[in-house]
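Quick note, the working numbering runs 2 ahead of the 1-based positions in the sequence shown.
Report on the following structure.
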Amino acid sequence: MSSEYFKKSLALITFLIIWELLPASGIISKTFLSPPSEVFQALVKLIVSGELWIHTSISLQRAFTGFALAVITMIPLGLLMGWYKGFEEISDGLVQAMRQVSSLSLFPVFLLFFGIGEFSKIAVIFWGAQWPLLLNTINGVKTVDPLLIKSARSMGSNDLSIFRKVVLPSSLPSLFVGL
3 MSSEYFKKSL ALITFLIIWE LLPASGIISK TFLSPPSEVF QALVKLIVSG
53 ELWIHTSISL QRAFTGFALA VITMIPLGLL MGWYKGFEEI SDGLVQAMRQ
103 VSSLSLFPVF LLFFGIGEFS KIAVIFWGAQ WPLLLNTING VKTVDPLLIK
153 SARSMGSNDL SIFRKVVLPS SLPSLFVGL
């Protein structure tokens, strides 16, 4: 056990030494890669001054806002796309094309259209969070056991009742995977 711990520690220590030496020797400019000693000093300064917690809370607020917007919009959209085949056929091509675009690659576009403010940052988070939510919700609705739907129909349930009492509960596991 101690040998394994030593090997892992040695790799980390070697990495930190190389990282410290590269900027110190001038091979890499300190502007592009600050040495770990300076990074650690800056971290301590941010913690002591309280700035780290302020910036962390702002980042968490952005993340929560983007994720909440994705949940509010994509789960209902996924339920509609999964339940109504015609709606899915119309929108699936656009969804499949747009989901391939990375949120980080869209960041410059969001900056151009929305500016440097909060909205562009939240838009990037929304873009990244929406696809797992949407696709897992659609998948959850589509994979509901047809026998359950057929049984509910045979007992006289209408579409809304089937959706509320059969489809929605059956699709929850996939929906939670998307969360």
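C-beta: ideal position from N, C-alpha, C; glycine also.
Computed from a predicted structure; not experimentally measured.
Taking the beta carbon of residue i as the centre, do at least 16 other beta carbons fall within 10 Å, making it buried, or is it exposed?
i: M100; result: exposed
i: A131; result: buried
i: A26; result: exposed
i: T139; result: buried
i: L81; result: buried
To the nearest angstrom, how far is it from the Cα of residue i to the Cα of residue j?
i: K144; j: I20; result: 53 Å
i: K123; j: D161; result: 40 Å
i: L136; j: L170; result: 14 Å
i: F2; j: S107; result: Because the chain spans 3 through 181 in this model, residue 2 falls outside it and cannot be assessed.
i: L18; j: F42; result: 12 Å
i: S93; j: M157; result: 32 Å
i: K47; j: A65; result: 25 Å
i: Q98; j: E91; result: 11 Å
i: Y247; j: F109; result: Absent from the structure is residue 247, since the part of the chain shown begins at 3 and ends at 181.
i: L149; j: V168; result: 11 Å
i: T67; j: F165; result: 29 Å
i: K152; j: N141; result: 19 Å
Give me the residue from the options with the minimum Cα distance to residue i.
i: T75; options: W129, G119 and P37; result: W129
i: L96; options: S107, M83 and H57; result: M83
i: L24; options: A13, S36 and L14; result: S36
i: V103; options: V126, G88 and F115; result: V126
For residue i, decide whether its Cβ has a neighbour in chain C, counting only Cβ atoms nearer than 8 Å.
i: S107; result: Here chain C cannot be found, since the structure has a single protein chain.
As an exercise, report each continuous alpha helix (DSSP H) stretch of at least 4 residues that is fully enclosed by the region 30–95, in chain order. 38–51 and 53–85
Note down, one range per segment and in chain order, each beta strand (DSSP E) of at least 3 residues found wholly within the region 96–175. none
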